[in-house]
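Student:
Residue numbers (UniProt numbering), protein chains in the order written: chain X, 1 to 358; chain L, 1 to 358.
Now the structure itself:
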């Protein structure tokens, strides 16, 4: 039986994924050279669709990596000489911080307990931190950071680079890229694709920083997928190494589908489905939303405590053809995580709620 | 019209690729969690099939990255404290060397002109070089380094790590992994898959080196896909970050197909097809194999000079449904490159030869 995946990534494939894959196979996209005009046209198309969808200005480039985790490392290598600053409130924001330590950067941390979020007013960034690393959506705990707060951070610290992990929420958050220096995501979350491609958006300011570190500070900015090599290839819509051509093609087609629906509609549908889920959970005796503050509740990954062992809830749903995620880490047995991505419809969320009520 | 791709990667997809992809879609492999038993079973299966195919002993782990280029960087980060040594005779072996310089390693180089190969007897490795970096098959120039010579290098320098770029030849070269510390390849070459997955084979010796550099030398070994994190996850058949699950599944199935044919047969078929190509080129007035020394001629990427401008040869073949590669870099207009991977049959090579004769 085909299952519907409400897991927070890898997740349900977007319904049109299959036809785009078939077209790609018919056109032998898996065999074309990444130095051909056909590939350059694909990159250009995907770039244009993502620009429209996420409102990305010409000051920013769009690059492809193997995963979003790779981008954590690339950003730290390319854009931090000495010090970074991290808002940490879950396992993935912590990993970004861990990466900084592994690269021997001096990493500052402002930490909140699992399930709690940040507000702009409580954030003080250390003077010498060069980069402010924030996670729009903590996949592990279901906490979001509001874009307005991210924008205020950049206004308060205009000389620091503000970078946004939007792995499990893009294209939902309405970021103002005149106030965001870099953002990144993977395609196996809200874009409804299989895993295997990371997308990195970065400004000329990030590029200039990388070039300065390399030329004048005699610092290594890494060797693979450095920002200067990505950028020089990007100018002709190429990549330094052979990329995942097939997935870049499909991502462009899915972004086009989202653009046809309209990003405002995609966002409204996401919010409407999130409202349905939280309303049910708030009113149920069997569940309790993990994130207390409504303003911090993720719209794309809903995390709730379960009165029954979560394994029972998950097994019951599965027998009805619905796959939901377990809690993360130590919450594995007491929580469930429900992805609210564009691939699942309001009707499917409704069916899931009916199942959870049983 | 469907074309047959004789390009050296991305290349023709292996004929069974399509059915494995369909099975993967039917089983919703693109949606399953990379922390699930189902994924662990896939990793375990692909690991076992690759072990059989390439005769990889238990002393070596098998890991997945975004590309083979990424592995160049990972190897240098994890396994070189100060000095590396590179045999360079083409654009890709040079990139490996360039990566070492970018990471501020002291990189030694022994270089040959484009189109020439190395013999064991002429290779002297500097005393303090920790890693010997060799390229089994130079995709740019069509030169191969014989496995016997690689093995002799390790016997002569048993304390140095010998690492083999087999990007455009695996599974063809019969490496003895008791004499090879690490090897790596991408799947868009001889495995006949779309690009988007790198495979890294590394020994416990490599792991120990990485752990020593990290713990005792206080050196950064990078943050993403470090050998210690890859290895600790590998023990339970998991990966540190979300990998390309779909491609790992398909790679395992293709390796199984190769194993059913038998690696000896796959190698013999490769050699037979290479013989057909070189015999034709040697006997033709319109072409001249680029690599003069027979022992250095690649069995998987055949490079030849063309009397006519190569663009004419390429266009004529294309009009008959056959895509061949142009020369690399400055040889773009005067050479062609013909991939000889398992995805194309002897009959197809024969048809190509007939076309090239016209």
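For glycine and all other residues, C-beta sits at the position ideal for the given N, C-alpha and C.
(1) For a contact defined as C-beta to C-beta under 9 angstroms, what are the partners of residue 83 of chain X on chain L?
(2) Output the distance between the C-alpha atoms of residue 47 of chain L and residue 129 of chain X, rounded to the nearest integer angstrom.
(3) Leaving out five residues before and five after residue 174 of chain X in sequence, what residues of the same chain have Cβ atoms less than 6 angstroms from its Cβ?
(4) Residue ranges of each alpha helix (DSSP H) run of no fewer than 4 residues wholly in the region 253 to 329 of chain L, ordered along the chain?
(5) Ignore the nearest five residues each way along the sequence and tell me which others in residue 325 of chain L's own chain have a CB closer than 6 angstroms to its CB.
(6) Can you tell me where the alpha helix (DSSP H) with residue 45 of chain X in it begins and where it stops?
(7) Residue ranges of each beta strand (DSSP E) run of no fewer than 3 residues wholly in the region 4 to 40 of chain L, ordered along the chain?
(8) What would DSSP say about residue 187 of chain X, mapped onto helix, strand or coil?
(9) In the DSSP assignment, find the unbroken alpha helix (DSSP H) run with residue 205 of chain L in it and report its ends.
(10) Under a CB-based cut-off of 7 angstroms, is residue 43 of chain X close to chain L?
(11) Using the rule of at least 16 other Cβ atoms within 10 Å of the residue's Cβ for burial, across every protein chain shown, is residue 315 of chain X buried or exposed?
(12) Among X:124, X:104, X:349, X:34, whose alpha-carbon lies nearest the alpha-carbon of residue 64 of chain X?
(13) Give me the Cα-Cα distance between residue 286 of chain L and residue 333 of chain L, rounded to the nearest whole angstrom.
(14) For residue 346 of chain X, which of helix, strand or coil comes out of DSSP?
(15) Report back the beta-carbon spacing between residue 95 of chain X and residue 76 of chain X to the nearest angstrom; my notes put them in contact at under 8 angstroms.
(16) Name the two residues that bound the continuous beta strand (DSSP E) containing residue 88 of chain L.
(17) Who are the neighbours of residue 75 of chain L on chain X, taking C-beta pairs under 8 angstroms?
(18) Would residue 78 of chain L pass as an interface residue toward chain X - the criterion being a Cβ-Cβ separation below 7 angstroms?
(19) Starting from residue 229 of chain L, follow the alpha helix (DSSP H) in both directions and report where the run begins and ends.
(20) Please determine if the region 163 to 180 of chain X and the region 210 to 225 of chain X are in contact, where contact requires at least 3 C-beta pairs separated by less than 8 angstroms.
(21) Can you name, in chain order, every residue of its own chain whose Cβ lies under 8 angstroms from the Cβ of residue 150 of chain L, other than the five neighbours on each side?
(22) Quick one: Cα of residue 305 of chain X to Cα of residue 339 of chain L, how far?
(23) Expressed to the nearest angstrom, what Euclidean distance is found between the alpha-carbon atoms of residue 72 of chain X and residue 101 of chain X?
(24) Determine, using beta carbons only, whether residue 86 of chain L comes closer than 7 angstroms to chain X.
(25) On the three-pair Cβ rule with 8 angstroms, is the region 21 to 34 of chain L touching the region 342 to 351 of chain L?
(26) Assign residue 65 of chain X to one of three DSSP states: helix, strand, or coil.
(27) Below 9 angstroms on C-beta distance, what does residue 244 of chain X contact in chain L?
(28) Indicate whether the contact test is met: 3 or more Cβ pairs, each with one atom in the region 194 to 206 of chain X and one in the region 243 to 262 of chain L, closer than 8 angstroms.
(29) Pull up the CB-CB distance for residue 11 of chain X and residue 188 of chain X, whole angstroms please, since I reckon it's below 8 angstroms.
(30) Note down the Cα distance separating residue 261 of chain X from residue 53 of chain X, rounded to an integer number of angstroms.
(31) Anything in chain X within Cβ reach of residue 2 of chain L, meaning under 8 angstroms, just list it in chain order.
(32) If you reduce the DSSP assignment to three classes, tell me which class residue 251 of chain L lands in.
(33) Does DSSP classify residue 138 of chain X as helix, strand or coil?
(34) Have a look at residue 44 of chain L and residue 235 of chain L and give me their C-alpha separation to the nearest angstrom.
(35) Name the DSSP bridge partner or partners of residue 111 of chain X?
(36) Counting only Cβ pairs nearer than 7 angstroms, list the residues of chain L close to residue 241 of chain X.
Tutor: In short, the structure shows the following:
(1) Locating residue 83 of chain X in the first chain gives position 83, counting from the first residue. Per Cβ cutoff of 9 angstroms: no residues; residue 83 of chain X is ~16 angstroms from chain L at best.
(2) One-based indexing of the second chain puts residue 47 of chain L at position 47. One-based indexing of the first chain puts residue 129 of chain X at position 129. Approximately 43 angstroms between the Cα atoms of the pair.
(3) Here the question's residue 174 of chain X lines up with position 174 in the first chain. Excluding positions up to five away in sequence, the list reads 147.
(4) Every unbroken stretch of the alpha helix (DSSP H) spanning 4 or more residues and falling wholly within the region 253 to 329 of chain L is given here in chain order: 263 to 283, 310 to 319.
(5) By 1-based counting over the second chain, the position of residue 325 of chain L is 325. Within the same chain, residue 325 of chain L has close Cβ partners 7, 8, 337.
(6) Position 45 of the first chain, counted from the first residue, corresponds to residue 45 of chain X. That run of the alpha helix (DSSP H) goes 37 to 54.
(7) Here the runs fully enclosed are 4 to 6.
(8) Stepping through the first chain from its first residue, residue 187 of chain X is reached at position 187. The three-state secondary structure of residue 187 of chain X, taken from DSSP, is coil.
(9) Stepping through the second chain from its first residue, residue 205 of chain L is reached at position 205. Per DSSP, residue 205 of chain L belongs to the alpha helix (DSSP H) from 204 to 215.
(10) Position 43 of the first chain, counted from the start, is the residue given in the question as residue 43 of chain X. Residue 43 of chain X does not count as touching chain L.
(11) Looking up residue 315 of chain X in the first chain gives position 315. It is exposed - the Cβ of residue 315 of chain X has fewer than 16 other Cβ atoms within 10 Å.
(12) To locate residue 64 of chain X, count along the first chain from 1; it is residue 64. For residue 64 of chain X, the nearest C-alpha among the options comes from X:34.
(13) For the purposes of this step, residue 286 of chain L is identified with residue 286 of the second chain, where counting begins at 1. For the purposes of this step, residue 333 of chain L is identified with residue 333 of the second chain, where counting begins at 1. Distance between the alpha carbons of residue 286 of chain L and residue 333 of chain L is about 14 angstroms.
(14) Indexing the first chain from 1 puts residue 346 of chain X at position 346. Three-state DSSP puts residue 346 of chain X in a helix.
(15) Sequence index remark: in the first chain, residue 95 of chain X carries index 95 (1-based). Sequence index remark: in the first chain, residue 76 of chain X carries index 76 (1-based). About 12 angstroms separates the beta carbon of residue 95 of chain X from that of residue 76 of chain X, a gap too long to meet the 8 angstroms contact definition.
(16) Your numbering for residue 88 of chain L matches position 88 in the second chain. Counting along the chain, the beta strand (DSSP E) containing residue 88 of chain L begins and ends at 83 to 88.
(17) Counting from one through the second chain, the residue named residue 75 of chain L turns up at place 75. Listed along chain X is no residue with a C-beta nearer than 8 angstroms to that of residue 75 of chain L; the closest approach is about 11 angstroms.
(18) Taking the first residue of the second chain as position 1, residue 78 of chain L is located at position 78. No, because no Cβ of chain X sits closer than 7 angstroms to the Cβ of residue 78 of chain L.
(19) Here the question's residue 229 of chain L lines up with position 229 in the second chain. According to the DSSP assignment, residue 229 of chain L belongs to the alpha helix (DSSP H) that extends over 227 to 234.
(20) For the pair of segments examined, the region 163 to 180 of chain X was found not to touch the region 210 to 225 of chain X: the number of CB pairs separated by less than 8 angstroms stays below three.
(21) Within the second chain, residue 150 of chain L is the residue found at index 150, counting from 1. Here the set comprises 134, 136, 162, 164, 175, 179, 180.
(22) Residue mapping note: residue 305 of chain X aligns to position 305 of the first chain, counting from 1. Residue mapping note: residue 339 of chain L aligns to position 339 of the second chain, counting from 1. Their backbone Cα atoms lie some 56 angstroms apart in a straight line.
(23) Here residue 72 of chain X is taken as the residue at index 72 of the first chain, counted from 1. Here residue 101 of chain X is taken as the residue at index 101 of the first chain, counted from 1. C-alpha of residue 72 of chain X to C-alpha of residue 101 of chain X: approximately 12 angstroms in a straight line.
(24) Start at 1 with the first residue of the second chain, and residue 86 of chain L comes out as number 86. For residue 86 of chain L, the answer is no, since every Cβ of chain X falls outside 7 angstroms of its Cβ.
(25) Here the region 21 to 34 of chain L makes no contact with the region 342 to 351 of chain L; the two share fewer than three CB pairs at distances below 8 angstroms.
(26) Counted from its first residue, the first chain places residue 65 of chain X at position 65. It is a strand residue.
(27) The sequence position of residue 244 of chain X within the first chain is 244, counting from 1. Under the 9 angstroms cutoff, chain L gives 66, 67, 194, 195, 196, 197, 244, 247.
(28) Cβ pair count under 8 angstroms is three or more, so yes.
(29) Mapped onto the first chain, residue 11 of chain X falls at position 11. Mapped onto the first chain, residue 188 of chain X falls at position 188. Correct: roughly 6 angstroms between the Cβ atoms.
(30) Taking the first chain and counting its residues from 1, the one referred to as residue 261 of chain X is at position 261. Taking the first chain and counting its residues from 1, the one referred to as residue 53 of chain X is at position 53. Roughly 10 angstroms between the two C-alpha positions.
(31) Within the second chain, numbered from 1, the residue matching residue 2 of chain L stands at position 2. Scanning chain X for C-beta atoms nearer than 8 angstroms to the C-beta of residue 2 of chain L yields 28, reported in chain order.
(32) Walking along the second chain from the start, residue 251 of chain L turns up at place 251. Collapsing the DSSP output to three states places residue 251 of chain L in a helix.
(33) As a position in the first chain, residue 138 of chain X is number 138, starting the count at 1. Here residue 138 of chain X sits in strand by DSSP.
(34) Counting from 1 along the second chain, the entry for residue 44 of chain L is found at position 44. Counting from 1 along the second chain, the entry for residue 235 of chain L is found at position 235. Those two C-alpha atoms are separated by around 10 angstroms.
(35) In the first chain, counting from the first residue as 1, residue 111 of chain X sits at position 111. DSSP, once it has assigned bridges, lists X:88 as partnering residue 111 of chain X.
(36) One-based indexing of the first chain puts residue 241 of chain X at position 241. Result: 67, 69.
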